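Heads up, the sequence shown is in full-length UniProt numbering, so the first residue is 1 and it goes up one at a time.
I have placed the structure first, in the form of structure tokens, so that the comments after it can refer back to it.
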Amino acid sequence: MSIFNEARLETWNEIKGLSDEKLNQKPSAEEWSIREVLDHLKKIDMTAQQMLKERVKEAPIKEIEEKSLEAAQNRNNKRKAPSHLEPAHDFISSSQMKRELDVVREQLTAVIASLKEEDFERVLPHPVFQELTVKQWIDFIGHHEKRHLSQIKEIKEKVERA
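As structure tokens, then:
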């Protein structure tokens, strides 16, 4: 199973059974709630879907070095999300959040499924890794989600202690 799908399954397993209150509870004013992390992941999928639909056909096919995408999981290297990927701060039920995430992931998966084999070698810009092939981009999404899965586990511990 690819990291892209594996990370999402782990995310669903981690939040299964959480109440709407715990899902939306912020450990502190400066930290995101689990729901906000999930909203950020939804926006990543939306942005990737849009990028793949709009830019992949014109993207060059070229060889680039393999990137250590696992580095994206390292939470010691903190980054501020760009404003278009910042989560909304409204209260949403877990069932609503799951529906929204599932719909966007289904749309992204459909775009990926529509790509031709050579499209996976096309190169697109990336804000951290400079440039990634489409295949690396898809793997990055999984590694990025695993980074946030660690964050979700931390938030869960904090709100359960509160």
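Glycine included, each C-beta is placed from N, C-alpha and C at the ideal position.
Nothing here was measured: the structure is a model prediction, and the numbers come from that model.
Report task. Tell me whether valine 56 is buried or exposed, calling it buried when 16 or more other Cβ atoms sit within 10 Å of its Cβ. Result -> Taking the first residue of the sequence shown as position 1, residue 56 is located at position 56. That one is buried.
Requested in this report: In the DSSP assignment, find the alpha helix (DSSP H) that holds leucine 149 and state where it starts and stops.
Outcome: For the purposes of this step, residue 149 is identified with residue 149 of the sequence shown, where counting begins at 1. That run of the alpha helix (DSSP H) goes 134–161.
**Report entry** isoleucine 61 classed as buried or exposed, judged by whether at least 16 other C-beta atoms fall within 10 angstroms
**Finding:** For the purposes of this step, residue 61 is identified with residue 61 of the sequence shown, where counting begins at 1. Counting Cβ neighbours within 10 Å, isoleucine 61 comes out exposed, since fewer than 16 surround it.
Query raised in the report: Would you report the Cα separation of isoleucine 92 and proline 125, rounded to the nearest angstrom?
Result: As a first step, residue 92 is located in the sequence shown; it is residue number 92 there, counting from the start. As a first step, residue 125 is located in the sequence shown; it is residue number 125 there, counting from the start. Rounded to whole angstroms, isoleucine 92 and proline 125 show a C-alpha spacing of 33 Å.
Query raised in the report: Considering only residues of the same chain and omitting the five flanking positions on each side of glutamate 6, which have a CB-CB separation below 8 Å?
Result: To locate residue 6, count along the sequence shown from 1; it is residue 6. Its chain contains Gly142 as the residues whose beta carbon lies nearer than 8 Å to that of glutamate 6, once the 5 sequence neighbours on both sides are disregarded; these appear in chain order.
Report task. Give me the Cα-Cα distance between asparagine 74 and arginine 147, rounded to the nearest whole angstrom. Result -> Taking the sequence shown and counting its residues from 1, one reaches residue 74 at position 74. Taking the sequence shown and counting its residues from 1, one reaches residue 147 at position 147. Rounded to the nearest angstrom, the two C-alpha atoms are 6 Å apart.
Query raised in the report: Since tryptophan 32 and proline 87 are thought to touch, with beta carbons under 8 Å apart, how far apart are those beta carbons, to the nearest angstrom?
Result: Residue mapping note: residue 32 aligns to position 32 of the sequence shown, counting from 1. Residue mapping note: residue 87 aligns to position 87 of the sequence shown, counting from 1. That belief holds up - the Cβ atoms of tryptophan 32 and proline 87 are roughly 6 Å apart, short of 8 Å.
Query raised in the report: Should leucine 38 be labelled buried (16 or more other beta-carbon atoms within 10 Å of its own) or exposed?
Result: As a first step, residue 38 must be located in the sequence shown, where it is residue number 38. So leucine 38 ends up on the buried side.
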